[in-house]
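Read through the structure below, which is laid out as structure tokens, and then see the notes.
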Amino acid sequence: MLTRRQWLKVLKGAQMMLFYLVVITLVFVIIGPVFFVVSLSFLSAREAYSYPLPLLPALTVRFQLTHGERGYLLSVYDRVEREYIPVLDTDDLEKMANYMESRLGTSATVQDVEAQIARLQQEDPVYFTKRANLLHNYKTFFQITRDAVPSLIRSLEICALTILISLSIGGMAGYAFARYQFAGRDLLKFSALFVRMFPGIAIALPMVIILAKMGFYDRPIGLSLVYAVGNIALTVWITASIFMGIPESLEEAAEVFGATRLQAFLRITLPLALPGLAAAAMYAFLGAWNETVAALILTQFNPTFSVVVYQSLVGATGQINLAAAGGIVMAIPTVTFTYFIRRYIRQMWGGVTL
Amino acid sequence: MSKQRKSSLGKRITPYVLVIPVFIYYLIFWVQPVVQQVVRSFIDPATGHLSLESYRLVFTDPDFIPALRNTAIIVGISVTLEFFAALFLALIIKRNFRGASIFLFLAMLPMALPPVAVGAMWKTGLTTNGWLNSLLYYVGLLPEGEKIYWLAGSTWKMLALIIVIDAWQVIPSVMIILLAGLQNIPKELEEAGYVFGGNYFTVLRKITLPLLRPTIQTAVVLRLIAAIQIWLIVIVLVGFSRLPVLVERIVYYHEEVPRLNISPQMAAGYTMIVTVIVSTAALIYLRLSGAFARREGG
Numbered sequence: 001m002l003t004r005r006q007w008l009k010v011l012k013g014a015q016m017m018l019f020y021l022v023v024i025t026l027v028f029v030i031i032g033p034v035f036f037v038v039s040l041s042f043l044s045a046r047e048a049y050s051y052p053l054p055l056l057p058a059l060t061v062r063f064q065l066t067h068g069e070r071g072y073l074l075s076v077y078d079r080v081e082r083e084y085i086p087v088l089d090t091d092d093l094e095k096m097a098n099y100m101e102s103r104l105g106t107s108a109t110v111q112d113v114e115a116q117i118a119r120l121q122q123e124d125p126v127y128f129t130k131r132a133n134l135l136h137n138y139k140t141f142f143q144i145t146r147d148a149v150p151s152l153i154r155s156l157e158i159c160a161l162t163i164l165i166s167l168s169i170g171g172m173a174g175y176a177f178a179r180y181q182f183a184g185r186d187l188l189k190f191s192a193l194f195v196r197m198f199p200g201i202a203i204a205l206p207m208v209i210i211l212a213k214m215g216f217y218d219r220p221i222g223l224s225l226v227y228a229v230g231n232i233a234l235t236v237w238i239t240a241s242i243f244m245g246i247p248e249s250l251e252e253a254a255e256v257f258g259a260t261r262l263q264a265f266l267r268i269t270l271p272l273a274l275p276g277l278a279a280a281a282m283y284a285f286l287g288a289w290n291e292t293v294a295a296l297i298l299t300q301f302n303p304t305f306s307v308v309v310y311q312s313l314v315g316a317t318g319q320i321n322l323a324a325a326g327g328i329v330m331a332i333p334t335v336t337f338t339y340f341i342r343r344y345i346r347q348m349w350g351g352v353t354l
Numbered sequence: 355m356s357k358q359r360k361s362s363l364g365k366r367i368t369p370y371v372l373v374i375p376v377f378i379y380y381l382i383f384w385v386q387p388v389v390q391q392v393v394r395s396f397i398d399p400a401t402g403h404l405s406l407e408s409y410r411l412v413f414t415d416p417d418f419i420p421a422l423r424n425t426a427i428i429v430g431i432s433v434t435l436e437f438f439a440a441l442f443l444a445l446i447i448k449r450n451f452r453g454a455s456i457f458l459f460l461a462m463l464p465m466a467l468p469p470v471a472v473g474a475m476w477k478t479g480l481t482t483n484g485w486l487n488s489l490l491y492y493v494g495l496l497p498e499g500e501k502i503y504w505l506a507g508s509t510w511k512m513l514a515l516i517i518v519i520d521a522w523q524v525i526p527s528v529m530i531i532l533l534a535g536l537q538n539i540p541k542e543l544e545e546a547g548y549v550f551g552g553n554y555f556t557v558l559r560k561i562t563l564p565l566l567r568p569t570i571q572t573a574v575v576l577r578l579i580a581a582i583q584i585w586l587i588v589i590v591l592v593g594f595s596r597l598p599v600l601v602e603r604i605v606y607y608h609e610e611v612p613r614l615n616i617s618p619q620m621a622a623g624y625t626m627i628v629t630v631i632v633s634t635a636a637l638i639y640l641r642l643s644g645a646f647a648r649r650e651g652g
């Protein structure tokens, strides 16, 4: 028989095991899909179309070269089948080099191919290894997707403008919120929250005509104006909490020494608030960068990067490695910024709004 | 004396100078488009007269009931499932441990990913030759030569898929919200519950959950609002019209078939429906959270 104390020990141990089991499972479930899509984006075209897909990117590619019926027969080592698979039989060396580059994900020149063919006189078949060009899909995505590069620049422009608008307008209101009592304070808070939760599509659709009248339709500034609507509320909230954390007495002290209120703000408060303001800017960036539905509606010939990736996903059924690369380019800045502002996000989720 | 009065007047005016840009901005870029949208939805574009044509078109659209039903199912099941799963996980984890901060960042990862990246992830995963089938093959769950056709099949299967993907993206974040809420509850309160003879479940029901209520409210309503507007993952995975949901219909009429006679009215009508549903949810939430009544919240 176990004593009560031993029972408690067993119970506690079981609890610990459950705890670690849950944590580890969660980590795998979260990381798994991310890992696979990243890995897929590194696969060569040939591997991306094979089944089952290799679940790890290859760092090197192994080739076998011999004489073929039409010239030279190139085989490539298949990591799933674990044998050399013949892929190309030709006497056109340029074609072979191109094939190695576009389909097999290595960088190869005609000279490289010639050098290996020269070795054929001593040994047959010739085996050689080349470094896999991991970023091949990314390069191809930007080369073959129409608009990919201009849309990326456009998206960055939209993000910058959105940050500028929401930080200037929202930051001022946030300061007022932190420092003053005024009539309409509750109205501001209520409307900011409500606007934040309001569906973006219901603003985007009628904005087509309004922006067209202003001459801003299908232009980055037009989208920024729309994105700032939802973002301002967030900026007010973040900046208000930042300014509340900076004691007003600091500004008063500066005023005692002869600074005007504006000078006190610029010299004392603003530098202290900078890290928080950077977080607010990153938040605005995330919103503007990720948004797709308003971008789809409010652009025609000048899509954003998210729209370009979205369209490559909807259109293509075969080019999954390229779609994966596009999706990952989209995700890099968001994951980076989320890392920097993780504390704010956690507070925000617990507090006001997503 | 006069200087002091001036400065106190300045002090009274300053906050209004600071907040007026926000109100003007909202007036131009929020009130104006929303009012125009509402007005336009009641006007027949052909005649310019007052008419309920947009609404009649939407309500008689054969896809309207399925769209409403699919959205309702996704919202209902997703939010419930995500909430309970997240609560369950939060209750198990509920403590600080080594590596907690890395774990919390990882848990934020799915929500941090752009919707199109999530679309790319699951599109590459769920195609017949995708990474999910490959993975199942490698771990031996899928015999050689057999494949699972994830994206083919009934509406229910599609719905289940969308719900699972949404759960993948959302559960970790909701868990973090609840975790933060749980860690804010003073330990003494729960301990008192045990001292007075409560077991785990009575303490959970009578003490922990009531204290967690504001956090739960926020999490659930925000999830609700987001789930109502689900569209991208649906289009990316199953294409237009196979699994109609409300916002997908708007995108369909505005982007896919913009030249149909009825398209502008359809898009407007569906937009109004989404607007009314989301606004109602938002107002109920603001009411519950006391934003109507109280001063600053922090």
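From first to last, the protein sequence lines are chains A and B.
My numbering puts the first residue of the first sequence at 1, with every later residue one more than the last.
My numbering puts the first residue of the second sequence at 355, with every later residue one more than the last.
All C-beta atoms, glycine included, are put in the ideal place defined by N, C-alpha and C.
Please read these numbers as outputs of a predicted model, since none were measured by experiment.
- Here ARG196/A is buried, its C-beta having at least 16 other C-beta atoms within 10 Å.
- Looking at GLN263/A, TYR51/A and GLY200/A, the one whose alpha-carbon comes closest to that of GLU498/B is TYR51/A.
- For VAL335/A, the enclosing alpha helix (DSSP H) has its first and last residue at 320-340.
- Residues of the segment 465-477 of chain B with a Cβ closer than 7 Å to any Cβ of chain A, in chain order: ALA466, LEU467, PRO468, PRO469, VAL470, ALA471, GLY473, ALA474, MET475 and LYS477.
- SER405/B sits in coil when the DSSP states are folded into three classes, being neither helix nor strand.
- Where GLU609/B is concerned, there is no enclosing beta strand (DSSP E), because DSSP gives it neither an H nor an E.
- VAL524/B is the residue among GLY552/B, VAL524/B, LYS541/B and ILE447/B whose C-alpha sits nearest the C-alpha of ALA581/B.
- Straight through space, the alpha carbons of ASN538/B and GLU545/B are spaced by roughly 14 Å.
- A Cβ-Cβ separation of about 5 Å places MET512/B in contact with LEU597/B under the 8 Å criterion.
- The C-beta distance from LEU225/A to ILE165/A rounds to 7 Å, short enough to fall under 8 Å.
- Shown here, TYR77/A sits in a strand according to DSSP, grouped into three states.
- Leaving aside the five residues that flank ILE163/A on each side, the residues in its chain whose CB is nearer than 7 Å to its CB run, in chain order, ALA281, ALA284 and PHE285.
- Following the DSSP letters along the chain, one finds GLN121/A in no alpha helix (DSSP H), marked with neither H nor E.
- In the same chain as GLY222/A, and ignoring 5 residues on each side of it, the C-beta atoms closer than 7 Å to its own belong to LEU211, PHE216 and LEU298, in chain order.
- At least one CB atom of chain A sits nearer than 8 Å to the CB of THR481/B.
- Scanning its chain for C-beta atoms nearer than 7 Å, with the 5 sequence neighbours on each side dropped, one finds around HIS136/A the residues SER44 and GLY105, in chain order.
- For LEU93/A and ARG70/A, the gap between their C-alpha atoms comes out near 12 Å.
- Under the 8 Å criterion on CB atoms, THR334/A is classed as interfacial with respect to chain B.
- Judged by their CB atoms, ARG179/A and PHE243/A are nearer to each other than the 8 Å cut-off.
- Looking at SER595/B, ARG577/B and ALA621/B, the one whose alpha-carbon comes closest to that of THR434/B is ARG577/B.
- Chain A places no beta carbon closer than 8 Å to that of MET620/B, leaving this residue out of the contacts.
- Bridge partners of VAL61/A according to DSSP: LYS130/A.
- Rounded to the nearest whole angstrom, the CA to CA distance from GLN390/B to TYR227/A is 18 Å.
- Within chain A, the residues whose beta carbon sits less than 8 Å from that of GLU609/B are LEU296 and ILE297, listed in sequence order.
- From the listed residues ILE638/B, VAL373/B and THR368/B, the smallest Cα separation to PHE198/A is found for ILE638/B.
- Within the segment 539-595 of chain B, the complete alpha helix (DSSP H) segments at least 4 residues long are 541-549, 554-557, 563-582 and 586-592, listed from N- to C-terminus.
- Sequence-distant partners of MET207/A (beyond 5 residues in either direction) whose C-beta falls short of 6 Å from its own C-beta, in its chain, are VAL226.
- Within the model, the alpha-carbon separation for GLY68/A versus ARG342/A is close to 58 Å.
- Secondary structure within the segment 484-535 of chain B: not one fully enclosed beta strand (DSSP E) run of 3 or more consecutive residues is present.
- The beta-carbon of VAL524/B is placed no less than 8 Å from the nearest beta-carbon of chain A.
- Here DSSP, grouped into helix, strand and coil, assigns GLU602/B to helix.
- Nearest in C-alpha terms to TYR503/B, of all of SER527/B, ARG394/B and THR478/B, is THR478/B.
- Straight across, the Cα-Cα distance linking PRO416/B with LEU591/B is about 22 Å.
- For a cut-off of 8 Å, the C-beta gap from VAL470/B to THR292/A is around 6 Å, short enough to register as a contact.
- Only those residues of the segment 440-453 of chain B whose C-beta falls short of 7 Å from the nearest C-beta of chain A are listed: LEU443, ILE446 and ILE447.
- From the listed residues PHE305/A, PHE35/A and SER241/A, the smallest Cα separation to LEU463/B is found for PHE35/A.
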